[in-house]
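Colleague: Just add 404 to wherever you are in the sequence shown, counting from 1, and you've got our numbering. All C-beta atoms in this analysis are idealised placements derived from N, C-alpha and C, irrespective of residue type, glycine included.
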Amino acid sequence: MNLWLTRLKDPVPAGLKSPAELAGFELSHALPDTQVILREQPALNEGYRIEPLPGGFRITGGHTGLLYGAWRLIMDRLCGEASAAVIDSAPKYAMRMIDCWDNPDGTVERGYAGRSLFFRSGKLSWDPGRIRELGRLLASVGLNVLCVNNVNVHYPAQLLLEDDLPSLAALAEAFRPFGIRLMLSVDFSQPMRSGIPTADPLDPAVREWWKSAAARVWSVVPDLAGFLVKADSEGAPGPFAYGRTHADGANMLAEALRPFGGTVVWRCFVYNCRQDWRDYKTDRARAAYDHFMPSDGDFHDNVILQIKNGPQDFQVREPVHPLFGGLMKTNQMLEVQIAQEYTGQQKHVCYLMPMFKQILDFKTYMPGHEDATVADIISTRTLKNANGGIAAVANTGNDENWTGHDLAAANLFGFGRLAFDTTLDSESIAREWAELTFAGSTKTAIDAIVDILMRSWSAYEKYTSPLGIGWMVNPNHHYGPNVEGYEFDRWGTYHRANWRGIGVDRTTKGTGYTMQYREPNASMYEHVETCPEELLLFFHFIPYDYRLKTGKTLIQHIYDTHFEGAQDAADFLDTWKKLDGQISDKEAYARVLKRLEIQADSAIEWRDRINTYFYRHCGTEDEHGRKIYE
Ligand code: GCU
């Protein structure tokens, strides 16, 4: 299966050596009747220009730019768009990355589409044909870095820096023609596996160990993009154990990688995961800012801090992470998750581009750059950065259709398209994806798919936890409703619902989190009247009889959105049933039907559990007299 490249029947042949060669192959294969002249201009790097010529086109581009230009032309033509104008394009971000959370045993952490495409039985091991197809898919939307192993580095992933090097080199070679460089997640304590008694970043033996590890790995993969590090997070080792800062840790690695042009991508997902629910002051949302702001400006220029989109953990709705706009002197990249860990696990349809667009468009009011959005801050242009980027936790696996739910592929496609060009709008991306993927289906079917995708995030939000409060999922696997699943746990994920109301007071009277934002955002979130209502419960404790701007009470809003959300899921299923016979790929049709049935049932479960939970807490009847279980 070829996801959105369904019209291209031939697999990528083995033996193509460079993006330019590949561009030639793809063009002659996809557009055999169109004459396309390829002209390489190295200075354009990843950028390209497409010019219409009498009877054909000319693409001028850098080494990878040629390939990106070829894909732009192919996809526009396959979607039937006339390209009469000259197109100039270049990505805004140097690093457009897919983070695979694959483990050596072949499992994928938070993977919902089968097993690993890269590992089997403790070793790197892959199907070359599938890797070529994956490379093709990623290159077609302009993604250029792939981190091959889980940020939680489980043994024997450490061997990737030791004796699994020939395999790593071969995998890097397989991705090279697609303009994709590999990255590795590394274990901060790895020197200790070689008999060094410490992993202290200031210890000379540790520093030497990392230098020689870098030399060893870059000698076989000279274009390795760098190391990705999860340190002092959820039990992972890190510099705190030695009384060092994260800048000490990241810079030590940065020095080891500098001679090879490597980058350290250092994650900011650092918080106390042994919290007590009785403690109302400690706030997980505050943690990353509290840890990293004091080190702003201390990181070397080949370090990028990778910051999750929100301060908690890929919930269906969170405010934008306050480190964006907080940090002024540090390279930053945004981390999102297209693996739908908290958004239906690729059993529910949840098209995430509308969410990503809101995040990218958020204005942080960083001093001196008051108009800069998150999209600007993570680009190479706003700060003094030479480095910036965007990463998504991958949603692919070895399932035949790659992403489990066929409609989840829209998130991979969309992420790539947005990462290349953040000005695109979510709906055109959805339409482009649907037209490419379901080529040969009726126009009614394409319109219906776009409609389902565009309504899906909001539907999911409606039937799950209300107004930004998050969680309410089953612990550990995170699928399905469990309102108090995380309420008395150690993870800092509380909603604080009682008989009076619900929500976490993150104002100055509560945890003080609101003050991590720049003005006017800080004041906006601080006051109930100005706080965007979709985030009301994230920032405030609100009584059930509080009137929202719609005039509804909070409790009535909770009931209404849950009935609506479950109805939306039922509508998606009905719509799909009506498309029987109108979708060109019958197997895909049947697979999606099954998943929409699962979603519709699950949405009812969410609706009833949440409505009943709140009804039992406050005893307020639904104004419309619908069934709420006692
Ligand atoms: C979430 C997720 C973990 C993951 C972690 C991370 O907590 O549930 O599986 O390891 O995020 O991003 O590091």
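Identify every run of the alpha helix (DSSP H) within the segment 536-608, keeping only runs that are complete inside it and at least 4 residues long; order them along the chain.
Modeller: Counting only runs of 4 or more, we get 569-579.
Colleague: Could you give the residue range of the beta strand (DSSP E) that holds G793?
Modeller: Along the sequence shown, one-based indexing puts residue 793 at 389. From DSSP, the beta strand (DSSP E) with G793 extends over G793 to V797.
Colleague: Could you give the residue range of the alpha helix (DSSP H) that holds R999?
Modeller: If you number the sequence shown from 1, residue 999 lands on position 595. Taken as a continuous stretch (DSSP letters only), the alpha helix (DSSP H) holding R999 covers K990 to C1022.
Colleague: From the DSSP output, in three-state form, read off H773 for me.
Modeller: Along the sequence shown, read from residue 1 onward, the residue named residue 773 stands at position 369. H773: strand per DSSP, three-state reduction.
Colleague: Check whether the Cβ of R900 sits closer than 7 Å to any heavy atom of ligand 1, and report yes or no.
Modeller: Indexing the sequence shown from 1 puts residue 900 at position 496. R900: no, Cβ never under 7 Å from ligand 1.
Colleague: Please go through the segment 439-517 and give each complete alpha helix (DSSP H) segment of 4 or more residues, from N-terminal end onward.
Modeller: You should have 469-482.
Colleague: Using CA atoms only, rank isn't needed, just tell me which of P595, A576 and S593 is closest to L586.
Modeller: To locate residue 586, count along the sequence shown from 1; it is residue 182. Minimum Cα distance to L586 is reached at A576.
Colleague: I need the DSSP call for W980, collapsed to helix, strand or coil.
Modeller: Residue mapping note: residue 980 aligns to position 576 of the sequence shown, counting from 1. W980 falls in the helix class under three-state DSSP.
Colleague: What is the C-beta distance between E513 and N556, in whole angstroms, given that I count them as a contact (C-beta under 8 Å)?
Modeller: Looking up residue 513 in the sequence shown gives position 109. Looking up residue 556 in the sequence shown gives position 152. Indeed, because the Cβ distance is near 6 Å, the residues count as touching under 8 Å.
Colleague: Quick one: what does DSSP say L871 is sitting in, helix, strand or coil?
Modeller: Position 467 of the sequence shown, counted from the first residue, corresponds to residue 871. Reduced to three states, the DSSP call for L871 is coil.
Colleague: Would you check whether ligand 1 has a heavy atom nearer than 7 Å to the C-beta of N556?
Modeller: Translated into the one-based positions of the sequence shown, residue 556 becomes position 152. Flag set: Cβ of N556 near ligand 1.
Colleague: For my contact list, M757 and I833 are in at a C-beta cut-off of 8 Å; report their separation, rounded to the angstrom.
Modeller: If you number the sequence shown from 1, residue 757 lands on position 353. If you number the sequence shown from 1, residue 833 lands on position 429. That belief holds up - the Cβ atoms of M757 and I833 are roughly 6 Å apart, short of 8 Å.
Colleague: Answer yes or no: do A795 and M501 have a C-beta to C-beta separation smaller than 8 Å?
Modeller: Working through the sequence shown from its first residue, we reach residue 795 at position 391. Working through the sequence shown from its first residue, we reach residue 501 at position 97. Taking 8 Å as the Cβ cut-off, A795 and M501 qualify as a contacting pair.
Colleague: Answer yes if the segment 729-736 comes into contact with the segment 692-707, meaning at least three C-beta pairs across the two stretches below 8 Å, and no otherwise.
Modeller: As far as the Cβ criterion goes, the segment 692-707 touches the segment 729-736, which means the pair count is three or higher.
Colleague: Could you please give the first and the last residue of the uninterrupted beta strand (DSSP E) stretch that includes K712?
Modeller: Start at 1 with the first residue of the sequence shown, and residue 712 comes out as number 308. Per DSSP, K712 belongs to the beta strand (DSSP E) from V707 to K712.
Colleague: Can you tell me whether P601 is buried or exposed, with buried defined as 16 or more other CB within 10 angstroms of its CB?
Modeller: Counting from 1 along the sequence shown, the entry for residue 601 is found at position 197. By the 10 Å Cβ count, P601 comes out exposed.
Colleague: Would you kindly work out how many angstroms separate the C-alpha atoms of D949 and D810, rounded to a whole number?
Modeller: Here residue 949 refers to the residue found at position 545 when the sequence shown is read from its first residue. Here residue 810 refers to the residue found at position 406 when the sequence shown is read from its first residue. So the two alpha carbons sit approximately 42 Å from each other.
Colleague: Give a yes or no on whether the C-beta atoms belonging to G583 and A629 are separated by under 8 Å.
Modeller: Counting from one through the sequence shown, the residue named residue 583 turns up at place 179. Counting from one through the sequence shown, the residue named residue 629 turns up at place 225. No, these two residues do not count as a Cβ contact at 8 Å.
Colleague: For G469, tell me which candidate among I463, G451, G459 and M479 has the shortest Cα-Cα distance.
Modeller: Counting from one through the sequence shown, the residue named residue 469 turns up at place 65. The candidate whose alpha carbon is nearest that of G469 is G451.
Colleague: Using alpha carbons as the reference points, say which of W505, V549, S571 and L435 lies closest to W530.
Modeller: Counting from one through the sequence shown, the residue named residue 530 turns up at place 126. Checking every option, the nearest Cα to that of W530 belongs to S571.
Colleague: Suppose you measure from the CA of D480 to the CA of W837; what does that come to, to the nearest Å?
Modeller: Locating residue 480 in the sequence shown gives position 76, counting from the first residue. Locating residue 837 in the sequence shown gives position 433, counting from the first residue. Approximately 11 Å, taken between the alpha carbons.
Colleague: Check each candidate in P508, R453 and S598 and name the one with the smallest Cα separation from A494.
Modeller: For the purposes of this step, residue 494 is identified with residue 90 of the sequence shown, where counting begins at 1. When each option's Cα is compared against that of A494, the closest is R453.
Colleague: Under 8 Å by Cβ, that's how I've got D568 and K527 pegged, so tell me the actual separation to the nearest angstrom.
Modeller: Translated into the one-based positions of the sequence shown, residue 568 becomes position 164. Translated into the one-based positions of the sequence shown, residue 527 becomes position 123. Yes, D568 and K527 are in contact; Cβ-Cβ is about 6 Å, under 8 Å.
Colleague: Apart from the five residues on each side of it in sequence, which residues of its chain come closer than 7 Å, Cβ to Cβ, to I1002?
Modeller: One-based indexing of the sequence shown puts residue 1002 at position 598. Cβ within range, chain order: K751.
Colleague: Closest to A814 by CA distance: which of C754, Y917, D978 and K953 is it?
Modeller: Taking the first residue of the sequence shown as position 1, residue 814 is located at position 410. When only C-alpha atoms are compared, the closest one is C754.
Colleague: Kindly indicate which residue of G905, R1011, L764 and K847 has the alpha-carbon position closest to the one of L828.
Modeller: Here residue 828 is taken as the residue at index 424 of the sequence shown, counted from 1. Looking at the Cα atoms, L764 is the closest of the given residues.
Colleague: So is V877 in contact with chain B if we call contact Cβ pairs under 8 Å?
Modeller: The structure shown contains no chain B; it is built from a single protein chain.
Colleague: Can you tell me whether A823 is buried or exposed? The criterion is at least 16 other CB atoms within 10 Å of its CB, across all chains shown.
Modeller: Position 419 of the sequence shown, counted from the start, is the residue given in the question as residue 823. Buried, since its Cβ has 16 or more Cβ neighbours within 10 Å.
Colleague: Return the residue from the list Y1019, L709, E537 and F943 that minimises the CA-CA distance to T410.
Modeller: Position 6 of the sequence shown holds residue 410. With distances taken between Cα atoms, T410 lies closest to E537.
Colleague: For P885, does the count of other Cβ atoms within 10 angstroms reach 16, so buried, or fall short, so exposed?
Modeller: Residue 885 sits at position 481 when you count from the first residue of the sequence shown. Looking at its Cβ environment, which holds 16 or more other Cβ atoms inside 10 Å, P885 is buried.
Colleague: Residues in its own chain within less than 7 Å of R524 by CB, not counting five upstream and five downstream?
Modeller: Taking the sequence shown and counting its residues from 1, the one referred to as residue 524 is at position 120. Counting only Cβ-Cβ distances below 7 Å, and skipping sequence neighbours, we find G510.
Colleague: Verify the contact flag: R894, CB atom, against every heavy atom of ligand 1, threshold strictly below 7 Å.
Modeller: Numbered from its first residue, the sequence shown carries residue 894 at position 490. Checking every heavy atom of ligand 1 against the Cβ of R894, none is found closer than 7 Å.
Colleague: Roughly how many angstroms separate the alpha carbons of P626 and F696, rounded to a whole number?
Modeller: The residue you call residue 626 lines up with position 222 of the sequence shown. The residue you call residue 696 lines up with position 292 of the sequence shown. When rounded, the distance between both Cα atoms is 31 Å.
Colleague: Does the contact criterion of 3 or more C-beta pairs under 8 Å hold for the segment 859-875 versus the segment 939-947?
Modeller: Yes, the segment 859-875 touches the segment 939-947.
Colleague: Between the segment 889-903 and the segment 675-682, do three or more beta carbon pairs fall short of 8 Å?
Modeller: Yes, since at least three Cβ pairs between the segment 889-903 and the segment 675-682 fall closer than 8 Å, the two stretches touch.
Colleague: Where are the alpha helix (DSSP H) runs, 4 residues long or more, that stay fully inside the segment 601-651, in chain order?
Modeller: Runs found: 608-624.
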